[in-house]
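**Q** Below: one structure in structure tokens.
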Amino acid sequence: MNDVLTRLWNHNHAPWIFKTGCLLLITSLLLVIQSPRAELPPVTSFNQLSCSELDQNYQPVSDRDQLDILIPAHAMALPLLSKLCEAPEFNGQYSDIVVHWLPRRQVTPKTIYSQKFDVMWAREYQLSGLSPDYTNYYDKLLSLSGYDVLWFANQPIDDQFLKTHRIGLLNDTFSRSGYQLPVKQFTSLSIDVRSSLVTLYPTRKAMIDAFKKGEVDVISGTNHSPINQYELKVHTAVIANGVSAGGWFVSHSWVRLSDEMLRQRLAQALGEIG
Numbered sequence: 035m036n037d038v039l040t041r042l043w044n045h046n047h048a049p050w051i052f053k054t055g056c057l058l059l060i061t062s063l064l065l066v067i068q069s070p071r072a073e074l075p076p077v078t079s080f081n082q083l084s085c086s087e088l089d090q091n092y093q094p095v096s097d098r099d100q101l102d103i104l105i106p107a108h109a110m111a112l113p114l115l116s117k118l119c120e121a122p123e124f125n126g127q128y129s130d131i132v133v134h135w136l137p138r139r140q141v142t143p144k145t146i147y148s149q150k151f152d153v154m155w156a157r158e159y160q161l162s163g164l165s166p167d168y169t170n171y172y173d174k175l176l177s178l179s180g181y182d183v184l185w186f187a188n189q190p191i192d193d194q195f196l197k198t199h200r201i202g203l204l205n206d207t208f209s210r211s212g213y214q215l216p217v218k219q220f221t222s223l224s225i226d227v228r229s230s231l232v233t234l235y236p237t238r239k240a241m242i243d244a245f246k247k248g249e250v251d252v253i254s255g256t257n258h259s260p261i262n263q264y265e266l267k268v269h270t271a272v273i274a275n276g277v278s279a280g281g282w283f284v285s286h287s288w289v290r291l292s293d294e295m296l297r298q299r300l301a302q303a304l305g306e307i308g
């Protein structure tokens, strides 16, 4: 290789060769820089979904605000939007309808007093903890019926079973069904949540997937858990009955708050998804 370079360098036409090479290189770079660039597709946020993304027939109104709704779980997004996007009371009334789902730690006092969401799911004690005067910003639209918190396993569940088998919980200390109530039962059974038998998962889906794969033996959930939809033969044991499911709240800044027909239609749609 060195011999080849030496011959090229000492060649009679070396200056011409190098000048031509440099000219070609510069020309190529200019062509690349000036060539049309393909437009990147719009990036969709991983924690929200809207009518305009879901339904090409949705008719947005550009000179109006969008309706922002905070839901407790992403699984509610499609059922809720499928009702609101097609409803004449909502379709064509907003620039868009967007549902958001956030980790609970991202819902802060500022979320309340800035009235970031027009409609949001919450529990009263949660709102009181964030802002004792939350009623200055939000009114309750709909109270939800209670639910049961359960253990799910592939075999009968008793105290001894819980003490000796691998348990999956949510890594969310605000979750009643995924953390708080199961850990409360741990106290009576002298089970340490830091035990190697206890695994914390970032999402409910990850926890259920781990259970299906046999990575844990028992997980917590509710009587509305998606696990009931799978073709799995599971055993259950009650952790708590009739736990408050919170409710839906509407912001005082929602300009159509006083439209009783709209409130009823919204409450109906929210009640149907849980």
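Per our numbering, the sequence shown starts with residue 35, numbered consecutively. Built from N, CA and C at the ideal position, the CB exists for glycine as well.
Which whole-angstrom value is the C-beta distance of residue 168 and residue 162, which I expect to be below 8 angstroms?
**A** Translated into positions along the sequence shown, residue 168 becomes position 134. Translated into positions along the sequence shown, residue 162 becomes position 128. At roughly 7 angstroms, the Cβ-Cβ gap stays under 8 angstroms, so residue 168 and residue 162 are in contact.
**Q** Between residue 227 and the rest of its own chain, which residues show a CB-CB distance below 7 angstroms, the 5 nearest in sequence each way excluded?
**A** One-based indexing of the sequence shown puts residue 227 at position 193. Same-chain partners within the cutoff: 217, 220.
**Q** Beta-carbon within less than 7 angstroms of residue 74's beta-carbon, same chain only, minus the 5 sequence neighbours each way: which residues are those?
**A** The residue labelled residue 74 in the question sits at position 40 within the sequence shown. Note on residue 74: pLDDT 33, under 50, position unreliable in the model; no value is reported.
**Q** Would DSSP call residue 169 helix, strand or coil?
**A** Locating residue 169 in the sequence shown gives position 135, where the first residue counts as 1. Helix.
**Q** Between the C-alpha atoms of residue 133 and residue 301, what's the straight-line distance to the nearest angstrom?
**A** Numbered from 1 along the sequence shown, position 99 holds the residue referred to as residue 133. Numbered from 1 along the sequence shown, position 267 holds the residue referred to as residue 301. Computed Cα separation, rounded: 15 angstroms.
**Q** Mind checking whether residue 237 and residue 185 have CB atoms under 8 angstroms apart?
**A** Here residue 237 refers to the residue found at position 203 of the sequence shown. Here residue 185 refers to the residue found at position 151 of the sequence shown. Not a contact, by the Cβ cut-off of 8 angstroms.
**Q** Residue 287 to residue 149, Cα distance in whole Å?
**A** For the purposes of this step, residue 287 is taken as residue 253 along the sequence shown, with counting starting at 1. For the purposes of this step, residue 149 is taken as residue 115 along the sequence shown, with counting starting at 1. A direct Cα-to-Cα measurement between residue 287 and residue 149 gives close to 7 angstroms.
**Q** Could you tell me how far apart the beta carbons of residue 157 and residue 278 are, in whole angstroms, since I believe they sit closer than 8 angstroms?
**A** Numbered from its first residue, the sequence shown carries residue 157 at position 123. Numbered from its first residue, the sequence shown carries residue 278 at position 244. About 6 angstroms; that satisfies the 8 angstroms criterion.
**Q** Are there three or more Cβ pairs, one per stretch, closer than 8 angstroms when the segment 120 to 133 is compared with the segment 86 to 99?
**A** yes
**Q** What residue range does the beta strand (DSSP E) around residue 261 cover?
**A** Taking the first residue of the sequence shown as 1, we reach residue 261 at position 227. Residue 261 -> no beta strand (DSSP E), and no H or E assigned at all.
**Q** In three-state DSSP terms, what is residue 212?
**A** One-based indexing of the sequence shown puts residue 212 at position 178. The three-state reading of DSSP puts residue 212 in helix, counting H, G and I together.
**Q** Can you tell me which of the three DSSP states residue 198 falls into?
**A** Within the sequence shown, residue 198 is the residue found at index 164, counting from 1. It is helical.
**Q** Return helix, strand or coil for residue 267, following the three-state DSSP convention.
**A** By one-based count along the sequence shown, residue 267 stands at place 233. Residue 267 falls in the coil class under three-state DSSP.
**Q** Could you spell out where the alpha helix (DSSP H) holding residue 124 opens and where it closes?
**A** Numbered from 1 along the sequence shown, position 90 holds the residue referred to as residue 124. Element bounds for residue 124: n/a, residue is neither H nor E.
**Q** Quick one: is residue 256 buried, meaning 16 or more other Cβ sit within 10 Å of its Cβ, or exposed?
**A** On the sequence shown, residue 256 is found 222 positions in, with the first residue counted as 1. Under this definition residue 256 is a buried residue.
**Q** Closer than 7 angstroms by C-beta to residue 305: which residues in its own chain qualify, once you throw out the five before and the five after it? Chain order, please.
**A** On the sequence shown, residue 305 is found 271 positions in, with the first residue counted as 1. Residues of the same chain with a CB within less than 7 angstroms of the CB of residue 305, apart from the 5 flanking positions on each side, are 176 in chain order.
**Q** Considering only residues of the same chain and omitting the five flanking positions on each side of residue 139, which have a CB-CB separation below 6 angstroms?
**A** In the sequence shown, residue 139 corresponds to position 105, counting from 1. Result list for residue 139: empty, nothing under 6 angstroms.
**Q** Within its chain, find whatever has a CB closer than 7 angstroms to the CB of residue 147; leave out the 5 residues flanking it on each side and keep chain order.
**A** The sequence position of residue 147 within the sequence shown is 113, counting from 1. Excluding positions up to five away in sequence, the list reads 165, 171.
**Q** Hey, out of 211, 89, 230, whose CA is closest to residue 259's CA?
**A** Residue 259 sits at position 225 when you count from the first residue of the sequence shown. It is 211.
**Q** Exposed or buried, what is residue 280 when buried is set at 16 or more other beta-carbons lying within 10 Å of its beta-carbon?
**A** Locating residue 280 in the sequence shown gives position 246, counting from the first residue. Answer is buried; the Cβ neighbour count reaches 16.
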